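Quick notes on the structure that follows.
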Amino acid sequence: LRCIPAIEKEEHKCTVETANLDQLQKSIAERLKTKRFLIVLDDIWKCNSESDWNNLLAPFKRGETKGNMVLVTTRFPSIAHMVKTTDLVELHGLEPNDFLEFFEVCIFGHSKPVHYEDDLIDVARDIVKKLKGSPLAANTVGRLLRNNISREYWIRVLEKNEWQNAKNDDDIMPSLKISYDYLPFLLKKCFSYFALFPEDYKFYNLEITSFWTAIGIIDSSYQNDNNYLEELVDNGFLMKGVDRYDDQYYVMHDLLHELSRNVSSQECVNISSLSFSADNIPQSIRQLSITINDTYDESFEEEMGKLKGRLDIANLRTLMIFGLCNASIANVLKDTFEDLKGLRVLFIAINMPTSLPNNFSKLIHLQYLKIGSPYNLEMTLPSTLSRFYHLKFLDLQAWNGSRKLPRDISCLVNLRHFNSSKKLHSNIPEVGKMKCLQELKEFHVKKEGVGFELRELGELGELKGELRICNLETVASKGEASAAKLKNKKNLKGLKLVWGTEHQTIDDDVLDGLQPHPNLRVLGIINPGVAPCPRWLCGDISTKRLESLHLEGLSWCPLPAFEQLPHLSSLTLKNIAGLSVFGPGFSGVTERSFMHLKTLEFENMPELVEWVGEPNSHLFSRLESIKFGGCPLLSLFPFLECSGLFTNLCSLHIENCPKLSQFPPMPHTSTITDIHVKNDGSELLYDGQELRIEGYAGALTFHSMDKVEVMHITDVSHISFSDLQKLNSLRSLYFKKCDDMFSAEMADSVVICSVQKLGIQELCITGELFSKILKCFPALSQLTMGECKSLELLPVEDGGLLGLEMLQSFTGYNCGKLFSRWPKGEAGGGARAIKPFPTSLKELRIFLEPSMQSMGLLSNLTSLTSLTLSSCMELTMDGFSPLITVNLKKFAVDAMYSKQENMSIAGDLLSEIARSKLVRAGSFQLEEFLVDSISAVLTAPICSHLAASLHTLMFSSDERATTFTEEQEQALQLLTSLKNLEFHGCKNLQSLPQGLRDLSSLTKLTIGICEKILCIPPECFPASLKGLGVISCSPEQIEQARKLKESDPWFFVSVVSPFETY
1 LRCIPAIEKE EHKCTVETAN LDQLQKSIAE RLKTKRFLIV LDDIWKCNSE SDWNNLLAPF
61 KRGETKGNMV LVTTRFPSIA HMVKTTDLVE LHGLEPNDFL EFFEVCIFGH SKPVHYEDDL
121 IDVARDIVKK LKGSPLAANT VGRLLRNNIS REYWIRVLEK NEWQNAKNDD DIMPSLKISY
181 DYLPFLLKKC FSYFALFPED YKFYNLEITS FWTAIGIIDS SYQNDNNYLE ELVDNGFLMK
241 GVDRYDDQYY VMHDLLHELS RNVSSQECVN ISSLSFSADN IPQSIRQLSI TINDTYDESF
301 EEEMGKLKGR LDIANLRTLM IFGLCNASIA NVLKDTFEDL KGLRVLFIAI NMPTSLPNNF
361 SKLIHLQYLK IGSPYNLEMT LPSTLSRFYH LKFLDLQAWN GSRKLPRDIS CLVNLRHFNS
421 SKKLHSNIPE VGKMKCLQEL KEFHVKKEGV GFELRELGEL GELKGELRIC NLETVASKGE
481 ASAAKLKNKK NLKGLKLVWG TEHQTIDDDV LDGLQPHPNL RVLGIINPGV APCPRWLCGD
541 ISTKRLESLH LEGLSWCPLP AFEQLPHLSS LTLKNIAGLS VFGPGFSGVT ERSFMHLKTL
601 EFENMPELVE WVGEPNSHLF SRLESIKFGG CPLLSLFPFL ECSGLFTNLC SLHIENCPKL
661 SQFPPMPHTS TITDIHVKND GSELLYDGQE LRIEGYAGAL TFHSMDKVEV MHITDVSHIS
721 FSDLQKLNSL RSLYFKKCDD MFSAEMADSV VICSVQKLGI QELCITGELF SKILKCFPAL
781 SQLTMGECKS LELLPVEDGG LLGLEMLQSF TGYNCGKLFS RWPKGEAGGG ARAIKPFPTS
841 LKELRIFLEP SMQSMGLLSN LTSLTSLTLS SCMELTMDGF SPLITVNLKK FAVDAMYSKQ
901 ENMSIAGDLL SEIARSKLVR AGSFQLEEFL VDSISAVLTA PICSHLAASL HTLMFSSDER
961 ATTFTEEQEQ ALQLLTSLKN LEFHGCKNLQ SLPQGLRDLS SLTKLTIGIC EKILCIPPEC
1021 FPASLKGLGV ISCSPEQIEQ ARKLKESDPW FFVSVVSPFE TY
């Protein structure tokens, strides 16, 4: 089930912070509800039961579109038979001729040597027969053969005895093993230790090379450790990937991971908390890792006890624990590893200080330590950290506790890499003692704090990467600045020099003393005030290899001679005093400047008036990104007059530059996919797939935006429907305050079939005109209408939404007259009367709509799966049909914004459903229910209907309820599927239900704006409860929540209040 958080994380491209399975499933289901999708679950190794399988599929079964598919691949017939709904497709290897062609490409690429057909092809065909048609084997063995294109070498590979070890016709492990055998000895060792990591683990360069160094596989003085990784990639044993932060990682195919376990089985082992047998683990093991799962087998403690007696724990060299241990597992691990002494590598995540091994402080041989901690737990790092004299690699990237370091952390004199946040880096006192340190992200000069003087940096001769030095206003002289010895740091790639905004420049030569090494690639100088440009940048430039330059908060005139920076690709100028003109002949710019410049940014330039450009100049021809921000006087730059000069431009951002106007039609080429122009209440935002226009009057080239899928138009009149027809990929369209775009003479020929979602807001249009608009969008599946105060849907055949035969979702809010012409209940023609909505509708949301006065308007909607009726003050039961609730999975009915008492019709609705013989008890499919009446729901008849499926129940704005009656307590116990219970705005409710502890399925409880509930007794919580939310709460509730959090770190507590949030 860990697939579900992974799917949601990928969909959002961000970290998923909730571990609540129900919430994750709901989120995925909501996002996929109206989409057609293909889900591929590749290479499933294990599925415990059909119940687990159904839980995994649950969010995908709620889709409202046809043609959705889940494709499963597995090597295990038992799993295939469990999950199949159609006939199985058994995959075999590639066909011989196709496979030979693929194999040749794996060896040679697309250029075979001339002697191949004569000398090698017969050997290649014989090797192909042994590869079982497997692309993975072809890729791995192919790369092996690429190393030596000779007949003798290939024959030696063909005659290897390992080919005889195949267990069956599909076994390709011998092929992979032969490729492994031909690796150099050092690469074999590197590869074998991947066995310690979980399958599909993402290996980052620093982590894995640090690990190899710590256990003595590779020479610590070797400067190009990543070459080992690249060689493994070249030999087909690793693949490269890029994460969402554009950082490169490596990953290994699971069959190759299995090979690494096989070849290292006498030295390395990874065990799982789900199941393992200590008797199967060789006594020679010195490198051990443990994968902690959400649950663990009952025999885990017993097997760990056996393991303690079987292995020489004192001589373990590596212990890696992947996953966070609960208290029970933590105690088991502490007992097992109490005799640890010789560890070189320790990976561990802790939720309390006592989770560390008992003799943690005595692990004096540690060379690599990685410690993580969960969010929302304020823990401090162990004070004994500084005792590990031999430590070379400290990884605190996953540490989410206190940012305070032990005072004597600088005793780690052999530390080379400190992988952590900038905050932790800047908190190292006397960092100069750590002479081996190769990266320091940030250093804060502090006069009042011993150990934070600039001379500390002077001792760090091995620094690499980028360094940011802050608080330079405290540096009084060139001599003090020179003590940092930046000029000697030849491996430093980036440097930012930052002064505080309030400062006095005591010595104008301070910047001269901060001269970096000529190898520097990235430089930033920020807020030096009136200090002059240093000679090493504005005179005889020594930093000629610069690729990126950021100048901010200074008054140099002229700026550096940019033609002496031939490699410059990025320039940022921010808050430069006295700079009014930029371009050839001004500010250090000549025709030879910026020949390789790709990114140019001006920000907060109050005096900049003009960017000068020659008509036929190619000075900025390579520019890909231009950004202006906060340039109030800027009125001219070359793009306005001749956009054709910027042929490579991909990104244009202009914000708060009110004098820039008369833009050329945009985007000016199809290559530009990022535009943001924002001035004086108008805005144009375009990212290639989404277009937002608000009050922007400039011309647009719609034929260059054929990939736009989402468009928002606000307060615009110059765009026509014929323009919209040019956007062939348009799927979602939203109008706001665009009355002038619509007219009664709209041509019937304008049809935009691609649009599936339409939103209109604050439009002053008639029902007749609205009917014409809808005819332009025959394929609508989702319609949203809001704050259209004059709009009245017409009660005629083509007056409502009946013509939208594909409509599945409608949302209407705060229009006022939307249904004012429609009759109430049966009075307007009975059951055969025209209804506003088509029967295809599955999701309906109406709120703050006084014209919604009769439930009869919905009586034809028997396919509804989601219904929300909120703050419809005039709504009555007239014409209500219980059949509209039969297929509901989500139902919300409340008078949240009502100023009147007893506004809820929930009680009448539920009573009618219970009385009706059309809806049998147990036939309800309702999963989520939001209602404003506790008394209406907590009755035996209603709860009997809801018991089978209801998992989320929210009581909102019930100000009548004070306590729970005995009947209500008993009815609550009938909700055996309930997982999530919430109380919001129940201002007079004085206590929680006493029977809460008996709700064995409940996992989350939320209390919001219920100030009179003064006691939240944890002893009344069921054992299944994993989380408590307290929103806008009283000080008493905050204190109880804090105590609960402190008593059980594993219990998730979320507090949002005017007093504090955590």
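Residues in the sequence shown are numbered from 1 upward in steps of one, following UniProt numbering. For glycine and all other residues, C-beta sits at the position ideal for the given N, C-alpha and C. Since the model is a prediction, treat every value here as computed from it, not as a measurement.
Counting only the Cα atoms, G800 lies some 20 angstroms from E874. If you ignore the 5 residues before and after G241, its C-beta comes within less than 6 angstroms of the C-beta of Y249, V251, all in its own chain and listed in chain order. Listed in chain order, the beta strand (DSSP E) elements of length 3 or more contained wholly in the region 305-367 are 318-322, 345-349. Scanning H365, D507, E338 for the CA closest to the CA of S355 turns up E338. When DSSP reads this structure, S820 sits in no beta bridge, so it has no partner. Cα atoms of N575 and M605: separation of roughly 5 angstroms, rounded to the nearest angstrom.
In the DSSP secondary-structure assignment, N679 is bridged to S682. In the displayed model, T380 falls within coil according to three-state DSSP, outside both helix and strand. One Cα belongs to P406, the other to L381, and the distance between them is close to 7 angstroms. In the DSSP assignment, I121 forms no beta bridge with any residue. In this structure, the alpha-carbon of M69 lies about 11 angstroms from that of T85.
L460 and Y245 have their C-alpha atoms spaced approximately 29 angstroms apart.
In this structure S1024 is in contact with S1000, their Cβ atoms being roughly 6 angstroms apart against a cut-off of 8 angstroms. Contact annotation: L440 and V431 have beta-carbon atoms nearer than 8 angstroms.
Within the region 211-294, the complete beta strand (DSSP E) runs of at least 3 residues fall at 239-242, 248-251, 268-272, 287-291.
The C-alpha of M806 lies about 26 angstroms from the C-alpha of C764. With the rule of 3 Cβ pairs closer than 8 angstroms, the region 275-294 does not count as touching the region 251-261. Per the Cβ contact rule, the region 301-309 is not in contact with the region 174-188 (fewer than 3 Cβ pairs under 8 angstroms). The beta carbons of I79 and P59 sit no closer together than 8 angstroms. DSSP places T952 within a strand segment (E or B) once states are collapsed to three. For the set L649, N97, V233, the Cα lying nearest the Cα of T669 is the one of L649. Using a Cβ-Cβ distance cut-off of 8 angstroms, the region 964-973 and the region 1015-1022 are not in contact, since fewer than three pairs of beta carbons, one from each stretch, lie closer than that value. Contact annotation, P795 with R821: C-beta distance approximately 5 angstroms; criterion of less than 8 angstroms satisfied. Apart from the 5 residues on each side of it in sequence, K308 sits with its Cβ closer than 7 angstroms to the Cβ of T336 in its chain, given in chain order. Proximity to L255 across L926, M173, K1012, Q725 peaks at M173, based on C-alpha coordinates. In this structure, H596 lies away from H550, with their beta-carbon atoms at least 8 angstroms apart.
Per the DSSP secondary-structure output, A961 pairs with nothing in a beta bridge. Across the structure, L857 and I39 are spaced so that their CA atoms are roughly 38 angstroms apart.
Around the CB of Y193, 16 or more other CB atoms lie within 10 Å, so the residue is classed as buried. Its Cα nearest to that of Q994, the residue I1013 stands out among I1013, F639, I1009, G1008. Sequence-distant Cβ neighbours of L780 in its own chain, meaning closer than 8 angstroms and more than five residues away, are V755, Q756, K757, L758, L774, L804, M806, L807. If you look at E607, you'll find it isn't in any alpha helix (DSSP H); DSSP assigns it neither H nor E.
The three-state reading of DSSP puts R731 in coil, since its state is none of H, G, I, E or B.
Along the region 627-688, the alpha helix (DSSP H) occurs as fully enclosed runs of 4 or more residues at 638-641, listed in sequence order.
Q438 is positioned such that its CB atom lies closer than 8 angstroms to that of H417.
E591 counts as exposed, since fewer than 16 other C-beta atoms from the protein chains shown sit within 10 angstroms of its C-beta.
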